[in-house]
Amino acid sequence: MKILKIVLSVLLIGLFANASADALSDFNAKASAKVKKIVNDNKLVVVDFDYVNKAIGKGTRKTAKALVLDARPMKKYQISHIPSSRALPDTKFKKMYKDVLKGVPKDKEIITFCGGFKCAKSPKLSLMLMKEGYTDVKVYAAGMPDWKKQSYGEMHIKIAKAMFDKNSATFVDARPNMKFKKGTITGAVNVPDNKFDKFKTNLPTDKKKA
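If you're matching positions, the sequence shown starts at 1 in my numbering and goes up one per residue.
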């Protein structure tokens, strides 16, 4: 049993090393000189989309293995962010971090991100966290631009409400049809995630329409 645990640990370390190597290779090819200096001088760990995607699991805060923090301004976070992530702008760190990280153990895995390879906010936020004693901090340097190319973003309820008020978006209820019938957002269409093919005709025919 002990041998099996050791083998599994070695395999996991190897997989992480390969993932980190791929992420670092992409980072070195695309990051700005300023961002590279912060990361390299402080030996920050850079991770990629696949790593973050696995870390957030189903994309809910209850299921996420890591705490993902958005270092961008609050307005950008509200418009779109990585599922399960919390807003902690680097410029508001001293004001917000105690509330945002309340109850978070110092050894909890934390992944920071911002506006891509030229954005220095996430590595700066990582350093701030490390100074406060957090020991497992990583940087998703490709950030939101990369995430949006490969997955969906979450929006804040304030933005969703504004779009609802302006009638500028189609709201799709992904819950089962029975729950949809009991109550939903006014004007929403029902497309249960587990019966997509059956209900997809409820979606707008114009695929470019919001």
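Note that beta-carbon positions come from the ideal geometry of N, C-alpha and C, so glycine has one too.
Give the single residue among PRO105, VAL104 and VAL139 whose Cα lies nearest to the Cα of GLY116.
-> VAL139
PRO123 to ASP90, Cα distance in whole Å?
-> 9 Å
Where do the ends of the alpha helix (DSSP H) carrying VAL100 lie?
-> 93–100
Is it the case that the Cβ atoms of ILE159 and ILE82 are separated by a distance below 8 Å?
-> no
Is it the case that the Cβ atoms of SER84 and LEU69 are separated by a distance below 8 Å?
-> no
Where does PHE199 land, buried or exposed, given buried means 16+ other C-beta within 10 angstroms?
-> buried
TYR140 - containing alpha helix (DSSP H), residue span | Per DSSP, TYR140 belongs to no alpha helix (DSSP H); it is in the beta strand (DSSP E), 137–140.
Have a look at the DSSP bridge pairing and note the partners of ALA87.
-> ASP70
Could you work out which residue in THR186, VAL39, VAL46 and SER151 is closest to ASP22 when comparing CA atoms only?
-> VAL46
Please check the pair ALA66 and GLU109, which I expect to be a contact at CB under 8 Å, by giving their CB distance rounded to whole angstroms.
-> 4 Å
Simplified DSSP state of ILE185, which is helix, strand or coil | coil
Please work out which residues of its chain come closer than 7 Å, Cβ to Cβ, to GLN150, disregarding the five sequence neighbours upstream and downstream, and give them in chain order.
-> PHE49
Through-space distance from LYS131 to PHE27, alpha-carbon basis | 24 Å
4-residue-minimum alpha helix (DSSP H) runs that sit fully inside the stretch 108–182, ordered along the chain | 121–131, 143–150, 157–166 and 177–182
Three or more C-beta pairs below 8 Å linking the stretch 36–46 and the stretch 139–148 = yes
Does any CB atom of chain B fall closer than 8 Å to the CB of LYS179?
-> The chain inventory of the structure shown lacks chain B, comprising one protein chain alone.
Nearest neighbour of LEU125, chosen from VAL35, ALA31 and LEU24 [CA to CA] | VAL35
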